[in-house]
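Numbering (the working numbering), first residue to last: 321 to 445. Here's the structure we're looking at; comments come further down.
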Amino acid sequence: RVNGDSSFNKKLSLWFYRKMQFTIEYEALERGLETRYVNPMRTSSACPSWGSRLKDNDGRVLRCGRCGFRGDRDVIACINLFYRYSRCGGPRAPPNAPKGDANPRPMQGNRDEAMTSTDRNLYQS
């Protein structure tokens, strides 16, 4: 950083993000994947279920006053970005999601076993 030169500081901070964006585009192109841009505005502060504004719970964790959803702001942003991508013509399931089975089997075991205690504490309302 250079003291007093805000335009240089801004360019310097954006350089890393542009470099990362270029690398992702390049790797996607090599693998034959489509790159699509989605506006990230307010993705980390909107409830994925209701779209209502989330309230700051303790810094990184946000809570929806309407439905009680709680989650890390980065995870919430990823969920909302995926929803925006899906609405603008992208696939409805993530590219790495397992393919559907013609004869699906019911889930076995206790559903609470699938979540670790950390996950349970983070998303508990």
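Ideal placement from N, C-alpha and C gives every residue a C-beta, glycine not left out. All values derive from a computational prediction rather than experimental measurement.
State buried or exposed for residue i, treating a residue as buried only when at least 16 other CB atoms are found within 10 Å of its CB.
i, result
"residue 364", "buried"
"residue 432", "Low local confidence applies: a pLDDT of 49 at residue 432 is under 50, so the model's placement there is unreliable, and no value is given."
"residue 359", "exposed"
"residue 338", "exposed"
"residue 385", "exposed"
"residue 374", "buried"
"residue 348", "exposed"
Using DSSP bridges, identify the partner residues of residue i.
i, result
"residue 348", "Answer by DSSP bridge pairing: none, since residue 348 is not bridged."
"residue 373", "366"
"residue 381", "392"
Can you give the beta carbon distance from residue i to residue j, rounded, assuming they're within the 8 Å contact cut?
i, j, result
"residue 399", "residue 368", "4 Å"
"residue 371", "residue 381", "At roughly 19 Å, the Cβ-Cβ gap does not stay under 8 Å, so residue 371 and residue 381 are not in contact."
"residue 356", "residue 408", "7 Å"
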